[in-house]
Amino acid sequence: EPEVTQTPSHQVTQMGQEVILRCVPISNHLYFYWYRQILGQKVEFLVSFYNNEISEKSEIFDDQFSVERPDGSNFTLKIRSTKLEDSAMYFCASKGQTNTEAFFGQGTRLTVV
Amino acid sequence: GDSVTQMEGPVTLSEEAFLTINCTYTATGYPSLFWYVQYPGEGLQLLLKATKADDKGSNKGFEATYRKETTSFHLEKGSVQVSDSAVYFCALRSSGNTGKLIFGQGTTLQVKP
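Same order as they appear, the protein sequences are chains A and B. One gets the numbering used here by counting positions in the first sequence from 1 and adding 447 to each. One gets the numbering used here by counting positions in the second sequence from 1 and adding 9 to each.
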């Protein structure tokens, strides 16, 4: 069964460093998303991406964040200068043209120290 | 804006007990509604969905009915098992075309043998 794959599963980084979280969406999907879940809190939408551009972003997704689909298979989330409050589980998701539901990856736990 | 509210957890039940997790929503238009489940240490998995009023989603013994008149999508299961212990998230997909999901805060279910 096709699945969304995220790497790494856990990343520890120092405050101020750049991190790139990687995702391989399901191959024929067209809509891509990043969500985050701070420990013990709800899952929050960050950004959606369609047709090689951002289609919607939340207030959380400020200038420190960027997304890219560099090669037609990977979908990355970059945080330019990490802060302690960026520590969270980050989920990638993808959706096909005809699907109503999004399929989620296993998540990357980011710890900023 | 659109929002989802779930009952507070944690919910602790004995095996074979009846489960209800309440979910209500606020949305413009006609959202699709979902329940996602997060087992310990894992990502988000779609449990069931409903795309229009009076639809009933069902999977693995769980059911939820899309009630437009009460703006609710309560999750039920007649007889829970220890393996159902997880965090359950109610979510809606707003009627805009980006397909982003808005999640409730999650309800932790613990089933004891």
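Just so it is clear, CB atoms sit at the ideal spot from N, CA and C, and this is done for glycine as well.
Query raised in the report: When you check each C-beta in the segment 109-121 of chain B against every C-beta of chain A, which residues fall closer than 8 Å?
Result: LYS109, LEU110, ILE111, PHE112, GLY113, GLN114, GLY115
Compile a chain-ordered list of the residues in the segment 46-59 of chain B whose CB is closer than 8 Å to at least one CB of chain A. GLU51, GLY52, LEU53, GLN54, LEU55, LYS58
For PHE479 (chain A), I'd like the list of residues in its chain whose CB is within less than 6 Å of its CB, leaving aside the five on either flank, ordered along the chain. Scanning its chain for C-beta atoms nearer than 6 Å, with the 5 sequence neighbours on each side dropped, one finds around PHE479 (chain A) the residues PRO472, PHE496, PHE522, SER541, in chain order.
Quiz item: Using a Cβ-Cβ cut-off of 6 Å (strictly less than) and excluding sequence neighbours within five positions of THR558 (chain A), which residues of its own chain qualify?
Solution: VAL459, SER534
query: Cα separation between GLY38 (chain B) and THR454 (chain A)?
result: 36 Å
Proximity test, Cβ basis, 8 Å: SER67 (chain B) and chain A:
Interface flag for SER67 (chain B) against chain A is unset, since no Cβ pair is found closer than 8 Å.
- Contacts around ILE507 (chain A), its chain only, beta-carbon distance under 7 Å, and the 5 residues preceding and following it disregarded: GLU491, LEU493
Kindly list, in the order they appear in chain B, the residues whose Cβ is closer than 8 Å to that of PHE508 (chain A).
Within chain B, no residue comes near PHE508 (chain A); the closest Cβ sits about 11 Å away, beyond 8 Å.
query = If we count the other Cβ atoms within 10 Å of its Cβ and call it buried at 16 or more, is SER41 (chain B) buried or exposed?
reply = buried
| Which residues mark the beginning and the end of the beta strand (DSSP E) in which LEU22 (chain B) is found? | 20-23
Could you tell me which residues DSSP puts in a beta bridge with PHE496 (chain A)?
A:PHE479, A:ILE501
- Going by alpha carbons, who is nearest to TRP44 (chain B) out of B:VAL89, B:SER88, B:LEU84? B:LEU84
Residues sharing a beta bridge with LYS69 (chain B), DSSP: Note: LYS69 (chain B) sits in no beta bridge, so no partner.
>> Does chain B have any CB closer than 8 Å to the CB of GLY543 (chain A)?
In response: no
For this session: For the beta strand (DSSP E) containing GLU85 (chain B), list its first residue and its last residue.
Result: 84-86
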